[in-house]
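J.: Residue numbering for the sequence shown is 2 to 378, as defined by my numbering.
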Amino acid sequence: LAIESESINTFLRALVNFSFNGTCAGGEKNCEGGPAPIGTVCATDASCIPAAGGACVAPNTGMSCLLDNICTFGGACNNSRYNDSLLPAPVAPAVRIPATIEGVALDNTATVPGGEAQLVDVKDPQLAYAYFRVTKPSEGVICATLRNPRVEAAWTRDGSIVNRNIILTMSSYFKVGEVRVRAPTITEAFPDHTAPHVATTFRLGGLGLSLGDVVKVVRAHNLCEDDVGGVKAGIPWVNSVGAVLGGETRKVTRVDALGLRSEVVITVREPPTGDAVRDEYMLCYSHAFLSASGVSWRRPFERAGQVWMVNRPPAVEAFAPAEMFFAQLNRLVFNGTGLGAGHRIKLVPASQPGGCRGDSLDEANSDAALLLHGTPT
Numbered sequence: 002l003a004i005e006s007e008s009i010n011t012f013l014r015a016l017v018n019f020s021f022n023g024t025c026a027g028g029e030k031n032c033e034g035g036p037a038p039i040g041t042v043c044a045t046d047a048s049c050i051p052a053a054g055g056a057c058v059a060p061n062t063g064m065s066c067l068l069d070n071i072c073t074f075g076g077a078c079n080n081s082r083y084n085d086s087l088l089p090a091p092v093a094p095a096v097r098i099p100a101t102i103e104g105v106a107l108d109n110t111a112t113v114p115g116g117e118a119q120l121v122d123v124k125d126p127q128l129a130y131a132y133f134r135v136t137k138p139s140e141g142v143i144c145a146t147l148r149n150p151r152v153e154a155a156w157t158r159d160g161s162i163v164n165r166n167i168i169l170t171m172s173s174y175f176k177v178g179e180v181r182v183r184a185p186t187i188t189e190a191f192p193d194h195t196a197p198h199v200a201t202t203f204r205l206g207g208l209g210l211s212l213g214d215v216v217k218v219v220r221a222h223n224l225c226e227d228d229v230g231g232v233k234a235g236i237p238w239v240n241s242v243g244a245v246l247g248g249e250t251r252k253v254t255r256v257d258a259l260g261l262r263s264e265v266v267i268t269v270r271e272p273p274t275g276d277a278v279r280d281e282y283m284l285c286y287s288h289a290f291l292s293a294s295g296v297s298w299r300r301p302f303e304r305a306g307q308v309w310m311v312n313r314p315p316a317v318e319a320f321a322p323a324e325m326f327f328a329q330l331n332r333l334v335f336n337g338t339g340l341g342a343g344h345r346i347k348l349v350p351a352s353q354p355g356g357c358r359g360d361s362l363d364e365a366n367s368d369a370a371l372l373l374h375g376t377p378t
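1) Whose C-beta lies closer than 6 Å to the C-beta of Asn80 among residues of the same chain, with five residues either side of it excluded?
2) Where does His198 land, buried or exposed, given buried means 16+ other C-beta within 10 angstroms?
3) Rounded to the nearest angstrom, how far is the Cβ of Asn240 from that of Gly248, given a contact under 8 Å?
4) Here's the rule: buried if 16 or more other CB atoms are within 10 angstroms of the residue's CB, otherwise exposed. What is Gly63?
5) From what residue to what residue does the beta strand (DSSP E) around Arg262 run?
6) Express the C-alpha separation of Gln329 and Ala321 in angstroms, rounding to a whole number.
7) Is the separation between the beta-carbon of Val180 and that of Pro138 shorter than 8 Å?
8) For Val265, is the classification buried or exposed, using 16 other Cβ atoms within 10 angstroms of its Cβ as the cut-off for buried?
9) Is the region 256-271 in contact with the region 201-211, if contact means three or more CB pairs nearer than 8 Å?
10) For the beta strand (DSSP E) that contains Met283, what are its first and last residues?
11) With a threshold of 7 Å on Cβ separation, who are the neighbours of Ala351 within its own chain once the five nearest residues in sequence on each side are excluded?
12) Compute the Euclidean distance between the alpha carbons of Ser1 and Ala95, then round it to the nearest angstrom.
13) Using the Cα positions of Asp122 and Tyr132, report the straight-line distance between them to the nearest angstrom.
14) Between which two residues does the beta strand (DSSP E) carrying Thr110 extend?
15) Checking 8 Å against the spacing of the C-beta atoms, do Leu246 and Arg220 come in under that value?
16) Using the DSSP secondary-structure output, state which residues sit across from Tyr130 in a beta bridge.
17) Do Gly116 and Gly141 have their beta-carbon atoms positioned less than 8 Å apart in this structure?
18) Could I get the ranges of all uninterrupted alpha helix (DSSP H) runs contained in the region 15-81, with 4 residues as the minimum, in chain order?
19) Pick from Cys285, Leu210, Val105, Asn70: whose alpha carbon is nearest that of Thr254?
20) Quick one: what's got a C-beta closer than 8 Å to Val17's C-beta in the same chain, skipping five residues either side?
21) Cα separation between Thr186 and Leu208?
22) Buried or exposed, going by whether 16 or more other CB atoms sit within 10 Å of the CB of Val215?
23) Does the distance from the C-beta atom of Gly380 to that of Pro60 stay below 8 Å?
24) Only counting the same chain, and skipping five residues up and downstream in sequence, which positions put a Cβ closer than 8 Å to that of Thr101?
25) If I follow the unbroken beta strand (DSSP E) through Ile143, where does it start and stop?
26) Roughly how far, in whole angstroms, is the beta-carbon of Gly25 from the beta-carbon of Ala37, given that I think they are within contact range, below 8 Å?
27) So Val113 and Val135 are in contact, right, with Cβ under 8 Å, and what is the actual spacing, rounded?
28) So Thr250 and Asp228 are in contact, right, with Cβ under 8 Å, and what is the actual spacing, rounded?
29) Check each candidate in Ala323, Ala184, Gly35 and name the one with the smallest Cα separation from Ala53.
30) Could you please give the first and the last residue of the uninterrupted beta strand (DSSP E) stretch that includes Thr202?
31) By DSSP's criteria, Thr101 is part of a beta bridge. Which residues make up the other side?
32) In the DSSP assignment, find the unbroken beta strand (DSSP E) run with Glu179 in it and report its ends.
33) Can you tell me which of the three DSSP states Ala321 falls into?
In structure tokens, the structure reads:
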């Protein structure tokens with residue numbers, strides 16, 4: 002009991018001695034009395050004109066205090082619990098909710114590229130259109146909601162949301178259905194053959210075609226490998242991997258407004274080998290895309306449909322006339338397939354050994370060089 006009584010007495014004494022007071026600290030000596038203005042800092046009485054009743058008075062440093070205004074001459078009441086309790090309440094910073102992120106509306110930040118929200122084109126209460134140009138293959142969900150742009154205009158200001166009702170409208174979309182966004186596809190190409198040094202216009206059909214698409218020609222037993230490129234000395238370069246001579250990567254030259262048809266002109270200079278397997282080529286197509294940020298990129302090369310292209314020499318099926326007159330300018334008219342400006346016609350004596358190829362080394366070499374390099378068109 003004695004120990005318990007002593008503990009209670011100690012607790013009560015602590016309560017009696019508990020105080021909110023602090024201690025004055027800081028401040029500087031000031032002149033009081035005399036002609037010196039209030040707030041004049043001094044070092045000794047001499048600075049305060051004692052003859053006129055002035056005196057240099059020290060601040061009440063060390064004096065018990067409750068508030069700062071008790072401490073004189075710029076002093077402060079340190080460690081005053083009462084003074085601390087009078088601090089202003091913390092002010093919460095203003096919360097700024099952006100209406101857009103990097104220029105994209107909040108309700109468009111999760112859409113597929115090119116699938117941003119838009120108002121429908123209404124034809125009648127039972128029919129409406131919406132147009133999208135999605136720039137990336139994906140599995141998508143069609144979402145719809147009811148919006149009023151006139152009302153929503155007052156809910157944002159200077160790029161920030163000022164009325165949170167717009168958040169409710171942004172989150173009010175409901176699912177309408179699902180859609181599959183397929184990658185661009187080539188389904189057909191024409192013609193299915195070409196000849197050396199003949200400028201052949203290939204007409205390609207499919208879906209999602211654009212002017213940024215490129216084509217190259219490779220041997221049929223090879224794969225459509227991606228090109229290798231870069232920039233050297235400030236000049237971009239591209240290595241058309243796997244392409245035959247004259248079939249290097251090039252952009253299509255025409256695309257219709259719906260992206261269903263495209264054209265490209267290719268002049269293959271690869272000489273036929275006579276081997277049906279090695280002379281069979283295929284078209285490789287790479288589709289171009291333009292991202293929302295404006296940066297273009299290409300999909301990997303893929304085989305263009307089921308088209309096989311045969312490299313074969315031109316075939317002359319008929320010509321006229323069959324008789325010519327010496328020393329006269331005679332015109333021969335040829336009909337056939339694969340005829341092009343890169344081919345030459347020559348006349349040799351019917352009695353020449355070896356016929357058109359000839360048996361002489363010079364003529365054989367000349368013909369081989371002509372077949373490989375062609376002539377300017």
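A virtual CB, placed ideally from N, CA and C, is assigned to each residue, including glycine.
These numbers were taken from a predicted model, which means no experiment stands behind them.
T.: In terms of the structure at hand:
1) Gly23
2) buried
3) The pair is not a contact, with the Cβ atoms about 13 Å apart (cut-off 8 Å).
4) exposed
5) 262-268
6) 16 Å
7) no
8) buried
9) yes
10) 281-287
11) none
12) With the chain covering 2 to 378 only, the question about residue 1 has no answer from this structure.
13) 9 Å
14) It is not in any beta strand (DSSP E) - Thr110 carries neither H nor E in the DSSP assignment.
15) no
16) Asp122
17) yes
18) none
19) Leu210
20) Low per-residue confidence applies at Val17: pLDDT is 42, beneath 50, and the placement is therefore not dependable, though the value from the model is reported in the following sentence. None.
21) 5 Å
22) buried
23) As shown, the chain starts at 2 and ends at 378. That puts residue 380 outside it, with no answer to give.
24) Leu107, Gly160
25) 139-145
26) According to the sequence shown, residue 25 is Cys rather than Gly. Contact doesn't hold; Cβ gap of about 22 Å is too wide.
27) 6 Å
28) 6 Å
29) Gly35
30) 200-208
31) Ala106
32) 175-182
33) strand
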